[in-house]
Amino acid sequence: MDAKVKQALDVTLRNWNAMSRSRHEDAEETANEFESSFYLFIDALSDWTYELDPQPQTLEEFLELPMIQEILDLLPAPLHLNFETEAELIVDHKTRIEDAKYD
Numbered sequence: 003m004d005a006k007v008k009q010a011l012d013v014t015l016r017n018w019n020a021m022s023r024s025r026h027e028d029a030e031e032t033a034n035e036f037e038s039s040f041y042l043f044i045d046a047l048s049d050w051t052y053e054l055d056p057q058p059q060t061l062e063e064f065l066e067l068p069m070i071q072e073i074l075d076l077l078p079a080p081l082h083l084n085f086e087t088e089a090e091l092i093v094d095h096k097t098r099i100e101d102a103k104y105d
């Protein structure tokens with residue numbers, strides 16, 4: 003796996019686990035940390051994807067890439083839909099406006 007993507011994914015997974023274990027008083031802070039790390043992970047994944055030659059032309063092609071399969075194996079099931087939504091934007095070369103990120 004690409005080193006930058008792996009590092010960002012590791013932080014995202016740590017923050018997901020922290021958010022899952024957080025108590026009510028910590029919930030907002032851990033949720034914000036998770037959200038921030040998730041989008042940093044997506045940014046790293048986008049950078050990696052845009053360097054591919056050839057680049058995947060469809061979401062299906064993207065999801066079939068070995069590294070993407072590895073990521074999906076590591077991501078908790080509740081994150082798969084969010085990941086696929088972001089993957090579709092990556093394939094379409096679109097970026098999400100900061101305010102539109104799952105508020």
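Those letters in the sequence shown? Residues 3 to 105, per our numbering, in order. Ideal Cβ positions, reconstructed from N, Cα and C, are used throughout, including at glycine. Values in this document were obtained by computation on a predicted structure and should not be read as measured data.
Exposure of residue i, with buried meaning 16 or more beta-carbon neighbours within 10 Å
| i | result |
| --- | --- |
| residue 105 | Interpretation of residue 105 is limited by its pLDDT of 46, a score under 50 that renders its predicted location unreliable; no figure is taken from the coordinates. |
| residue 2 | Only positions 3 to 105 of the chain appear in the structure, and residue 2 is not among them; the question remains open. |
| residue 47 | buried |
| residue 34 | exposed |
| residue 87 | exposed |
| residue 22 | exposed |
CB of residue i within 8 Å of CB of residue j, strictly
| i | j | result |
| --- | --- | --- |
| residue 20 | residue 61 | no |
| residue 73 | residue 11 | yes |
Among the options, nearest to residue i - alpha-carbon criterion
| i | options | result |
| --- | --- | --- |
| residue 7 | 41, 84, 82 | 41 |
| residue 9 | 63, 71, 81, 43 | 43 |
| residue 13 | 37, 24, 25 | 37 |
*asked:* Is it the case that the region 12-32 contacts the region 48-59, given that we only count it when at least three CB pairs across the two stretches are under 8 Å?
replied: Cβ pair count under 8 Å is below three, so no.
*Write down every uninterrupted run of the alpha helix (DSSP H) in the region 54-81 whose length is 4 residues or greater and which is fully enclosed by it, in chain order.*
Restricting attention to alpha helix (DSSP H) runs no shorter than 4 residues, the region 54-81 encloses them at 61-66, 68-76, ordered along the chain.
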